[in-house]
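Asks:
Numbering (our numbering), first residue to last: 186 to 425.
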């Protein structure tokens with residue numbers, strides 16, 4: 186299993202937390218790939234982290250091209266049969282990978298498996314994290330429904346494990362999409378395929394606690410929705 190983490194300068198404490206959530210996985214056959222978008226400030230930290238785990242750790246510094254490009258760089262490096270994205274401010278519980286690998290081994294007709302995740306409103310300041318109570322989003326308690334996925338994204342980015350061959354055959358993130366790029370990716374990977382849902386909470390992802398920041402972010406997502414939906418539909422037509 187290849188776990189790709191995208192990061193940028195100034196996220197050292199978050200990146201360290203993400204690292205330990207990878208290193209403490211009960212599933213052992215994991216490589217962790219860290220891709221830094223816009224510099225190599227994390228290189229020394231990643232080297233130190235490599236010294237505290239038996240799991241393979243690799244690092245790539247990239248020019249500043251954005252999250253999608255960084256994700257694609259990491260997926261391009263991946264050696265695993267399965268791959269997943271863990272952003273530097275998200276965390277995995279210790280059985281996350283084991284649960285999803287077992288699901289795929291038990292459902293050989295599925296190309297991906299996803300589980301539930303906590304949403305955590307967080308304030309991150311000077312490397313310190315303040316959290317509101319954890320929330321389980323009702324709309325994410327959803328068995329795989331391709332038609333519904335075409336209308337809404339019910340799969341948080343870190344909660345899904347997919348066959349890496351999907352990246353090889355259908356490409357990675359669309360680098361022209363700034364928001365909802367993961368929704369675009371899941372739709373393309375799900376076309377004529379099956380995902381398996383595991384109703385167990387095995388990870389968490391953070392969203393802004395500040396109401397102003399949260400509203401601005403939601404506004405960007407809302408404005409992107411129709412254009413991403415239309416572009417994704419055109420891309421899926423080309424898949425056939």
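C-beta: ideal position from N, C-alpha, C; glycine also.
So, residue 218 versus residue 196, is the Cβ gap smaller than 7 Å?
Replies: Cβ distance not < 7 Å, so residue 218 and residue 196 don't count as in contact.
Asks: What is the DSSP secondary structure of residue 282, counted as helix, strand or coil?
Replies: Correct three-state label for residue 282: helix.
Asks: According to DSSP, residue 241 sits in a beta bridge with which residue or residues?
Replies: Residue 241 is bridged to 216.
Asks: Quick one: what does DSSP say residue 196 is sitting in, helix, strand or coil?
Replies: In the structure shown, residue 196 sits in coil (DSSP, three-state: anything other than H, G, I, E or B).
Asks: Are the stretch 385-393 and the stretch 299-306 touching, with three or more C-beta to C-beta distances below 8 Å?
Replies: Yes, they touch.
Asks: Hey, quick one: how far does the beta strand (DSSP E) through residue 347 stretch, first residue to last?
Replies: Per DSSP, residue 347 belongs to the beta strand (DSSP E) from 345-348.
Asks: On the DSSP letters alone, give me the boundaries of the beta strand (DSSP E) that residue 304 sits inside.
Replies: Here the beta strand (DSSP E) through residue 304 covers 297-310.
Asks: If you follow the alpha helix (DSSP H) that residue 374 is part of, which residue opens it and which one closes it?
Replies: Run containing residue 374: 366-375, per the alpha helix (DSSP H) assignment.
Asks: Between the stretch 280-300 and the stretch 397-411, are three or more C-beta pairs nearer than 8 Å?
Replies: No: the two stretches stay apart, fewer than three of their Cβ pairs being nearer than 8 Å.
Asks: Is it buried or exposed for residue 320, if we count other Cβ within 10 angstroms and need 16 for buried?
Replies: Per the 10 Å Cβ criterion, exposed.
Asks: Would you list, in sequence order, the uninterrupted beta strand (DSSP E) runs of no fewer than 3 residues that lie entirely inside the stretch 227-278?
Replies: The qualifying runs are 241-247, 267-270.
Asks: Out of curiosity, what's the CA-to-CA distance linking residue 297 and residue 346?
Replies: Distance between the alpha carbons of residue 297 and residue 346: 6 Å.
Asks: Is residue 379 near the ligand COA, going by C-beta to nearest heavy atom under 6 Å?
Replies: Absence of the ligand COA from the depicted structure is noted, as is the absence of any ligand whatsoever, leaving it without description.
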